[in-house]
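For reference, the structure discussed in these notes is given below.
In my numbering, the protein residues as written are 207 to 355.
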């Protein structure tokens with residue numbers, strides 16, 4: 207009886223690595239909705255950057271214990287400042303808010319694409335020709351939910 211138990215234990219122990227590498231299933235289809243949801247739900251417990259180079263700060267924010275196919279790429283290649291420095295201290299920030307605070311600190315905007323986030327200098331972001339933001343429109347009939355009759 208002990209021999210059978212030992213054999214089963216060895217077989218299960220030797221095959222355990224086969225069962226442990228894909229706990230999350232196949233990678234999801236990366237869409238903008240998936241990307242924003244993921245960035246909003248990944249919480250960073252503590253950030254303390256003091257004059258940290260931009261690429262190091264973004265690497266720290268991007269590091270999560272996830273397989274590569276589940277990670278969201280953060281691109282700062284359009285930032286031309288040779289070595290922007292980031293100073294930020296915060297607790298319990300969603301990943302999206304942390305990226306936003308870093309972007310504000312260096313004078314950049316965020317562009318979200320399926321599976322990636324890019325930091326873009328503010329002067330490269332398209333502005334309306336007259337410099338004014340577009341006006342929000344209201345539905346003609348508030349009871350219609352914005353749909354025509």
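Ideal Cβ positions, reconstructed from N, Cα and C, are used throughout, including at glycine.
Query                                                                                                                                                        : Result
If you draw a straight line from the alpha carbon of residue 289 to that of residue 233, how long is it in whole angstroms?                                  : 34 Å
My understanding is that residue 325 touches residue 250, with C-beta atoms under 8 Å, so please give their C-beta distance in whole angstroms.              : Not really, about 17 Å apart at Cβ, beyond 8 Å.
Got a sec? Which residues, its chain only, sit under 8 Å from residue 307 by beta carbon, not counting five neighbours each side?                            : 294, 296, 299
Compare the Cα-Cα distances from residue 301 to each of 291, 231, 279 and report the closest residue.                                                        : 279
Apart from the five residues just before and just after residue 210, which ones in its own chain have a Cβ nearer than 7 Å to its Cβ?                        : none
Are the CB atoms of residue 258 and residue 291 nearer to each other than 8 Å?                                                                               : yes
Residues in the same chain with beta-carbon distance under 7 Å from residue 253, minus the five sequence neighbours each way, listed in chain order, please. : 294, 295, 296, 299, 304
Go to residue 325, then tell me how far its beta strand (DSSP E) extends in each direction, as first and last residue.                                       : 322-327
Give, in chain order, every unbroken run of the beta strand (DSSP E) that is at least 3 residues long and sits entirely within the segment 223-279.          : 249-259
With distances taken from CA atoms, which of 260, 276, 281 is nearest residue 358?                                                                           : No statement about residue 358 is possible, as the shown extent of the chain runs from 207 to 355 and does not include it.
Give the DSSP-derived three-state secondary structure of residue 285 in the structure shown.                                                                 : coil
So residue 322 and residue 281 are supposed to be a Cβ contact under 8 Å. How far apart are they, rounded?                                                   : 6 Å
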